[in-house]
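Student:
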Amino acid sequence: MEDVRLGKTGIRVNKNGFGALPIQRVSEDVAVGLLRKAYDAGFRFFDTARFYTDSEEKIGKAFRGMREKVIIASKSMAQNAADFNKDLATTLDKLQTDYLDLYQFHNPPFCPRPGDKSGLYEAMTEAAQRGAVRHIGITNHRLAVANEAIDSGLYETLQFPFNYISGNQELELVRKCKASDMGFIAMKSLSGGLITHSAAAYAFLAQYDNVLPIWGIQSDKELNEFIEYIDNPPVINDEIMRFIENERKELSGDFCRGCGYCMPCTVNIDISNCARMSLLLRRSPTELQLTDEVYKKMKLIEKCTHCDACKSKCPYELDTPTLLRKNYEDYMRVMEFGLS
1 MEDVRLGKTG IRVNKNGFGA LPIQRVSEDV AVGLLRKAYD AGFRFFDTAR
51 FYTDSEEKIG KAFRGMREKV IIASKSMAQN AADFNKDLAT TLDKLQTDYL
101 DLYQFHNPPF CPRPGDKSGL YEAMTEAAQR GAVRHIGITN HRLAVANEAI
151 DSGLYETLQF PFNYISGNQE LELVRKCKAS DMGFIAMKSL SGGLITHSAA
201 AYAFLAQYDN VLPIWGIQSD KELNEFIEYI DNPPVINDEI MRFIENERKE
251 LSGDFCRGCG YCMPCTVNID ISNCARMSLL LRRSPTELQL TDEVYKKMKL
301 IEKCTHCDAC KSKCPYELDT PTLLRKNYED YMRVMEFGLS
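In this note's numbering, the protein residues as written are 1 to 340.
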């Protein structure tokens with residue numbers, strides 16, 4: 001069984017984190033069953049957020065009476081101290097606990113610091129002083145914010161997208177975190193559903209001894225794959241490397257990595273998902289994309305003003321407005337005629 005140490009937090013857990021965003025989509029009974037099964041198999045790190053609707057509540061019910069046996073991380077998207085404290089109180093209530101092992105600022109557009117007038121970092125440290133928070137972290141999709149967080153020395157963990165189709169910029173964050181003894185939590189380890197070869201995904205991330213992947217899990221089938229890897233971890237070999245190299249070629253060029261550096265959009269287009277919808281339709285279960293909710297998100301592309309703000313912020317130099325339009329047209333064809 002492989003373990004990973006989350007930097008200076010001293011937290012040491014199995015190298016399989018449970019990403020609890022997807023359990024919003026399943027019933028309470030199914031979610032609780034998955035969480036307990038993951039625990040029984042060796043998972044110890046469970047990552048949720050106030051933003052993930054009833055995810056916290058489901059974790060609270062799953063681990064009631066066994067709080068000290070698990071590591072629970074949550075997040076707040078608050079932009080001021082009052083909302084931060086409200087989020088924290090709600091999170092603790094939903095999780096049925098009086099402390100969080102790790103509390104993270106959830107993808108803030110800036111790096112919270114003492115004296116920045118938001119009051120966020122002060123609220124976090126006050127929560128830590130009273131024992132409601134044991135370790136302080138930050139999550140992000142922006143390279144500039146992530147680098148500032150590492151360089152600041154204010155944070156014990158960074159959660160950032162990282163997988164085998166990531167670039168050198170993300171790899172440099174991993175290296176900087178290791179040098180700073182800062183825990184690195186890899187979100188989007190399966191690139192939001194674009195990566196379907198879990199063994200290759202696991203083997204790639206296993207190369208980095210300071211990285212804790214969190215896998216988004218919502219079914220027994222998905223969970224069973226990662227349970228198998230606990231005692232029989234896949235390792236990088238020639239076959240897996242050839243597969244990864246082919247994936248990188250296929251997903252090169254006009255491929256949106258879903259990093260979110262372009263966000264927010266001035267007309268609220270969900271660029272991170274909409275700009276890669278064609279790939280999602282072909283590489284993940286199609287029915288997940290052909291819903292009223294996704295349709296409404298794709299229709300927002302019609303409101304694009306071509307301000308090019310997203311294009312100017314893309315670290316991969318994509319023509320994002322054109323990419324959005326292509327994905328919109330493809331999506332509407334699939335809605336009408338199905339996949340060809």
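Glycine residues also receive a C-beta, built at the ideal position from the N, C-alpha and C atoms.
My output table needs one value for R333: the three-state DSSP class, helix, strand or coil.
Tutor: Residue 333 sits at position 333 when you count from the first residue of the sequence shown. The three-state reading of DSSP puts R333 in helix, counting H, G and I together.
Student: Restricting to Cα atoms, I'd like to know which of H197, A82, P161 is closest to E239.
Tutor: Locating residue 239 in the sequence shown gives position 239, counting from the first residue. Taking only the C-alpha atoms, the option nearest E239 is H197.
Student: Within 10 Å of its beta-carbon, does S166 have 16 or more other beta-carbons around it, so buried, or fewer, so exposed?
Tutor: Indexing the sequence shown from 1 puts residue 166 at position 166. So S166 ends up on the buried side.
Student: Say whether the stretch 220 to 235 touches the stretch 264 to 276, bearing in mind that this needs 3 or more beta-carbon pairs closer than 8 Å, one atom from each stretch.
Tutor: no
Student: Beta carbon of D270, beta carbon of K297: below 8 Å?
Tutor: The residue labelled residue 270 in the question sits at position 270 within the sequence shown. The residue labelled residue 297 in the question sits at position 297 within the sequence shown. Yes.
Student: Do you know whose CA, among M335, E336, C307, lies nearest T322's CA?
Tutor: Translated into positions along the sequence shown, residue 322 becomes position 322. Nearest option by C-alpha distance: C307.
Student: Leaving out five residues before and five after G192 in sequence, what residues of the same chain have Cβ atoms less than 6 Å from its Cβ?
Tutor: The count along the sequence shown starts at 1 and reaches residue 192 at position 192. Excluding positions up to five away in sequence, the list reads G258.
Student: Examine the Cβ distances between the stretch 58 to 65 and the stretch 91 to 106 and report whether three or more of them are shorter than 8 Å.
Tutor: yes
Student: In whole angstroms, give me the CA-to-CA distance for G183 and I214.
Tutor: Position 183 of the sequence shown, counted from the first residue, corresponds to residue 183. Position 214 of the sequence shown, counted from the first residue, corresponds to residue 214. When rounded, the separation of the alpha-carbon atoms in G183 and I214 is 13 Å.
Student: My parser needs the alpha helix (DSSP H) runs of 4 or more residues fully inside the stretch 149 to 208; what are they?
Tutor: Within the stretch 149 to 208, the complete alpha helix (DSSP H) runs of at least 4 residues are 168 to 179, 198 to 206.
Student: So E156 and T9 are supposed to be a Cβ contact under 8 Å. How far apart are they, rounded?
Tutor: The count along the sequence shown starts at 1 and reaches residue 156 at position 156. The count along the sequence shown starts at 1 and reaches residue 9 at position 9. With 8 Å as the limit, E156 and T9 qualify as a contact, their Cβ atoms being about 5 Å apart.
Student: Using the C-alpha atoms, what's the distance from Y316 back to N140?
Tutor: For the purposes of this step, residue 140 is identified with residue 140 of the sequence shown, where counting begins at 1. For the purposes of this step, residue 316 is identified with residue 316 of the sequence shown, where counting begins at 1. Their backbone Cα atoms lie some 17 Å apart in a straight line.
Student: Going by the beta-carbon positions, is the gap between H106 and A49 smaller than 8 Å?
Tutor: In the sequence shown, residue 106 corresponds to position 106, counting from 1. In the sequence shown, residue 49 corresponds to position 49, counting from 1. Yes, these two residues count as a Cβ contact at 8 Å.
Student: Excluding the 5 residues flanking M335 on each side, which residues of the same chain have their C-beta closer than 8 Å to its C-beta?
Tutor: Numbered from 1 along the sequence shown, position 335 holds the residue referred to as residue 335. Counting only Cβ-Cβ distances below 8 Å, and skipping sequence neighbours, we find L290, Y295.
Student: Between which two residues does the alpha helix (DSSP H) harbouring K296 extend?
Tutor: As a first step, residue 296 must be located in the sequence shown, where it is residue number 296. Where K296 is concerned, the enclosing alpha helix (DSSP H) stretches over 292 to 299.
Student: Quick one: Cα of Y202 to Cα of G153, how far?
Tutor: Residue numbering aside, residue 202 sits at position 202 when the sequence shown is read from its first letter. Residue numbering aside, residue 153 sits at position 153 when the sequence shown is read from its first letter. The alpha-carbon atoms of Y202 and G153 are separated by roughly 29 Å.
Student: For the beta strand (DSSP E) containing Q129, name the first residue and the last one.
Tutor: Here residue 129 refers to the residue found at position 129 when the sequence shown is read from its first residue. First-last for Q129: 120 to 129, but that is the alpha helix (DSSP H), not the beta strand (DSSP E).
Student: What number of angstroms, rounded off, separates the C-alpha of K249 from the C-alpha of L171?
Tutor: Here the question's residue 249 lines up with position 249 in the sequence shown. Here the question's residue 171 lines up with position 171 in the sequence shown. Cα to Cα, K249 sits roughly 18 Å from L171.
Student: Quick check on the burial criterion: 16 or more other C-beta atoms within 10 angstroms. Buried or exposed for Q104?
Tutor: Locating residue 104 in the sequence shown gives position 104, counting from the first residue. Buried.
Student: Measuring straight from C-alpha to C-alpha, what distance separates K15 and F337?
Tutor: Locating residue 15 in the sequence shown gives position 15, counting from the first residue. Locating residue 337 in the sequence shown gives position 337, counting from the first residue. Their Cα atoms are separated by approximately 42 Å.
Student: With respect to the alpha helix (DSSP H) encompassing N16, which residues constitute its N-terminal and C-terminal limits?
Tutor: Translated into the one-based positions of the sequence shown, residue 16 becomes position 16. Where N16 is concerned, there is no enclosing alpha helix (DSSP H), given that its DSSP letter is neither H nor E.
Student: Going by Cα to Cα distance, which pick from I59, L120, E228 is closest to A73?
Tutor: Mapped onto the sequence shown, residue 73 falls at position 73. Among I59, L120, E228, the Cα nearest to that of A73 belongs to I59.
Student: Relative to the C-alpha of L6, which residue among P112, L212, N327 is closest?
Tutor: For the purposes of this step, residue 6 is taken as the residue at position 6 of the sequence shown. The shortest C-alpha separation from L6 is found at L212.
Student: Would you mind sorting D346 into buried or exposed? The rule is 16 or more other CB atoms within 10 Å of its CB.
Tutor: Within the shown structure, residues of the chain are numbered from 1 to 340, placing residue 346 beyond reach of any answer.
Student: Are D47 and F18 closer than 8 Å when you measure CB to CB?
Tutor: As a working mapping, residue 47 is identified with position 47 in the sequence shown. As a working mapping, residue 18 is identified with position 18 in the sequence shown. Yes; because the gap between Cβ atoms is below 8 Å, this pair is in contact.
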